[in-house]
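The sequence shown lines up with residues -25 to -1, 1 to 300 when you count with mature numbering (1 follows the signal peptide of the UniProt record, and there is no 0).
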Amino acid sequence: MASTVAWVCLIFALLLFISSMTCEAHLSSTFYDITCSKALSTIRTATRSAVSHERRMAASLIRLHFHDCFVQGCDASILLDDTPSILGEKTAPTNAGSVRGYEVIDEIKSKVENVYPGVVSCADILAVVARDASVAVGGPSWKVNLGRRDSTTARLSLTETNLPKVTDDLDRLTSLFREKGLSERDMVVLSGSHTTGQARCVTFCDRIHNNASDIDAGFASTRKRKCSLAIGSDDEKIAPLDLVTPNSFDNNYFKNLIQKKGLLQSDQILFSGGSTDSIVTEYIKSPSTFKNDFAAAMVRMGDIEPITGSQGQIRKLCSVFFMKS
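Written out as structure tokens, the structure is:
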């Protein structure tokens, strides 16, 4: 039965390919509905299992999708291993030792390939997994637009110019998001994904030890106990981005900012007397607005420069692209 369904999916994919040669391809939430509908349920089940095993993984999977989309679009380029001809995104300073969840994506891809070989792209899997990870920790759901294809290249250099850094000021952050077609409001609400997950000591060590005026003294003192100022000593130790409910998707992240308890400088800058203060306040007053806006912003982010139609490929393994003969 599975093999029959797989052949039907391959025929359907071929028809889509032929169609894309004559007209511009677009993403659609129903892209796999006709013949490959079990693909999404397969992804959902595997994502739930991964998050159930480790709650922190939900935040990591959402972040993985974000880091992919902000560098040459939502094309799964972040998943590619380095080769003699490609120095990719995985080993970039912003990603190495920080971005995680690759093994989860590999496992999910394998499960999908077992039923629908060569049909569902790694880029689409990243997008669907981010949505399902959000739901798994109490966050919102949304319709994921599908039909992305996978890139055959990745560039380490682009990560440094395209990805936000924890030391960026508000103007820099706003500019980076604007370049991707995302508004200031999108920036604030997507930053709200930090209501779950953990951060490495190296990303906030300077902040808690330098007596910054925009950090609560008691909060900084608590963090100092587990994060030494000595270079390299505690770099890999982690701390929750939200002290109150680190494993649940809620609006406590924004409440932390009001109290000057933003762990990362790039978080606290969102409530620092600037233009985004009012958005933070709004999300504190209305958790439902936060969740609704987050879902809408994730859809917009997922639409950043996708590869569609006859471009790119559908990788069999997410970490490796295959050479076309």
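By construction, the Cβ of each residue, glycine as well, lies at the ideal position given by its N, Cα and C atoms.
Cβ-based neighbour list, K212, same chain, cut-off 8 Å, excluding 5 preceding and 5 following
Looking up residue 212 in the sequence shown gives position 237. For K212, where only same-chain residues beyond five positions count, the Cβ hits under 8 Å are R175, C176, K201, C202.
Cβ-based neighbour list, D107, same chain, cut-off 6 Å, excluding 5 preceding and 5 following
Numbered from its first residue, the sequence shown carries residue 107 at position 132. R19, T22, listed in sequence order.
Taking the beta carbon of A192 as the centre, do at least 16 other beta carbons fall within 10 Å, making it buried, or is it exposed?
The sequence position of residue 192 within the sequence shown is 217, counting from 1. Exposed, because fewer than 16 other Cβ atoms sit within 10 Å of the Cβ of A192.
Segment contact, 8 Å Cβ cut-off, at least three pairs: the region 85 to 100 with the region 61 to 70
no
Alpha-carbon to alpha-carbon, L39 and E82
Numbered from 1 along the sequence shown, position 107 holds the residue referred to as residue 82. Numbered from 1 along the sequence shown, position 64 holds the residue referred to as residue 39. Roughly 15 Å separates the two Cα atoms.
Among the residues of its own chain, which have a CB less than 6 Å from the CB of L151, if the five just before and after it don't count?
Locating residue 151 in the sequence shown gives position 176, counting from the first residue. Excluding residues within five positions, the ones whose Cβ falls inside 6 Å are P139.
Alpha helix (DSSP H) runs wholly inside the region 124 to 164, at least 4 long, in chain order
131 to 137, 145 to 154
Does the Cβ-Cβ distance between T170 and Y228 come in under 8 Å?
Translated into positions along the sequence shown, residue 170 becomes position 195. Translated into positions along the sequence shown, residue 228 becomes position 253. Contact: yes.
Please classify S60: does DSSP put it in a helix, a strand, or coil?
Residue mapping note: residue 60 aligns to position 85 of the sequence shown, counting from 1. If DSSP states are grouped into helix, strand and coil, S60 belongs with coil.
Assign M298 to one of two classes, buried (16 or more other C-beta atoms within 10 Å of its C-beta) or exposed (fewer than that).
Here the question's residue 298 lines up with position 323 in the sequence shown. Exposed, since its Cβ has fewer than 16 Cβ neighbours within 10 Å.
In angstroms with no decimal places, state the Cα-to-Cα distance between T178 and L292.
As a working mapping, residue 178 is identified with position 203 in the sequence shown. As a working mapping, residue 292 is identified with position 317 in the sequence shown. Spanning the two alpha carbons is a distance of roughly 31 Å.
Residue burial classification, V164 (beta-carbon count within 10 angstroms, cutoff 16):
Here residue 164 corresponds to residue number 189 of the sequence shown, with the count starting at 1. V164 comes out buried.
Report yes if the C-beta distance between V95 and C44 is below 8 Å; otherwise report no.
Here residue 95 corresponds to residue number 120 of the sequence shown, with the count starting at 1. Here residue 44 corresponds to residue number 69 of the sequence shown, with the count starting at 1. Their beta carbons are not under 8 Å apart, which means V95 does not touch C44 by this criterion.
When the distance is taken between beta carbons, is T69 closer than 8 Å to E135?
The residue given as residue 135 occupies position 160 in the sequence shown. The residue given as residue 69 occupies position 94 in the sequence shown. Cβ atoms of E135 and T69: closer than 8 Å.
Excluding the 5 residues flanking M276 on each side, which residues of the same chain have their C-beta closer than 6 Å to its C-beta?
Counted from its first residue, the sequence shown places residue 276 at position 301. Here the set comprises C44.
Under 8 Å by Cβ, that's how I've got V26 and V112 pegged, so tell me the actual separation to the nearest angstrom.
Residue 26 sits at position 51 when you count from the first residue of the sequence shown. Residue 112 sits at position 137 when you count from the first residue of the sequence shown. Confirmed, about 7 Å.
Which residues bound the beta strand (DSSP E) around R175?
Here residue 175 is taken as the residue at index 200 of the sequence shown, counted from 1. Start and end: 173 to 175.
Closer than 8 Å, CB to CB, is V255 near chain B or not?
Reference to chain B is not applicable here, since this structure consists of a single protein chain.
Using CA coordinates, which residue listed in N226, Y77, C49 is at the minimum distance from S166?
Counting from one through the sequence shown, the residue named residue 166 turns up at place 191. Of the listed residues, the one whose Cα sits closest to S166 is N226.
Considering P262, what are the terminal residues of the alpha helix (DSSP H) in which it resides?
Your numbering for residue 262 matches position 287 in the sequence shown. P262 -> alpha helix (DSSP H) spans 262 to 277.
On the premise that D50 lies in contact with R123, defined as a C-beta separation below 8 Å, what is that separation, rounded to the nearest angstrom?
Position 148 of the sequence shown, counting from 1, holds the residue named residue 123. Position 75 of the sequence shown, counting from 1, holds the residue named residue 50. So it is a contact: roughly 7 Å between Cβ atoms.
Let me check understanding here. Comparing Cα to Cα, which of G249, A195, D268 lies closest to S238?
Locating residue 238 in the sequence shown gives position 263, counting from the first residue. Here the sequence assigns Leu to residue 238, which means Ser is not the residue at that position. Ranking G249, A195, D268 by Cα distance to L238 puts A195 first.
With a CB to CB cut of under 8 Å and the five nearest residues on each side skipped, what residues in its chain are close to I282?
Locating residue 282 in the sequence shown gives position 307, counting from the first residue. Once the five neighbours on either side are set aside, the close Cβ partners of I282 are G48, D50, A98, R123, R124, D125, S126.
Since I213 is in the beta strand (DSSP E), which residue starts that stretch and which ends it?
Taking the sequence shown and counting its residues from 1, the one referred to as residue 213 is at position 238. Segment 213 to 215, the beta strand (DSSP E) holding I213.
For N186, does the count of other Cβ atoms within 10 angstroms reach 16, so buried, or fall short, so exposed?
For the purposes of this step, residue 186 is taken as the residue at position 211 of the sequence shown. It counts as exposed.
With distance defined between alpha-carbon atoms, name the residue in K155, T197, S52 nearest to R290.
Position 315 of the sequence shown holds residue 290. With distances taken between Cα atoms, R290 lies closest to S52.
Assuming G114 and K266 form a contact by the criterion Cβ under 8 Å, report the distance between their Cβ atoms to the nearest whole angstrom.
For the purposes of this step, residue 114 is taken as the residue at position 139 of the sequence shown. For the purposes of this step, residue 266 is taken as the residue at position 291 of the sequence shown. The pair is a contact, with the Cβ atoms about 7 Å apart (cut-off 8 Å).
Can the beta-carbon of S250 be found less than 8 Å from the beta-carbon of D143?
Numbered from its first residue, the sequence shown carries residue 250 at position 275. Numbered from its first residue, the sequence shown carries residue 143 at position 168. No. Outside cutoff.
Between the alpha carbons of V295 and P92, how many angstroms are there, rounded?
Here residue 295 refers to the residue found at position 320 when the sequence shown is read from its first residue. Here residue 92 refers to the residue found at position 117 when the sequence shown is read from its first residue. So the two alpha carbons sit approximately 15 Å from each other.
Under a Cβ-count criterion, where at least 16 other Cβ atoms within 10 Å of its own Cβ denotes burial, should D181 be classed as buried or exposed?
Numbered from its first residue, the sequence shown carries residue 181 at position 206. So D181 ends up on the exposed side.
Three-state secondary structure (DSSP) of I289:
Reading the sequence shown from its first residue, position 314 is the one you call residue 289. I289 falls in the coil class under three-state DSSP.
In whole angstroms, what separates the C-alpha of D161 from that of F41?
For the purposes of this step, residue 161 is taken as residue 186 along the sequence shown, with counting starting at 1. For the purposes of this step, residue 41 is taken as residue 66 along the sequence shown, with counting starting at 1. About 12 Å.
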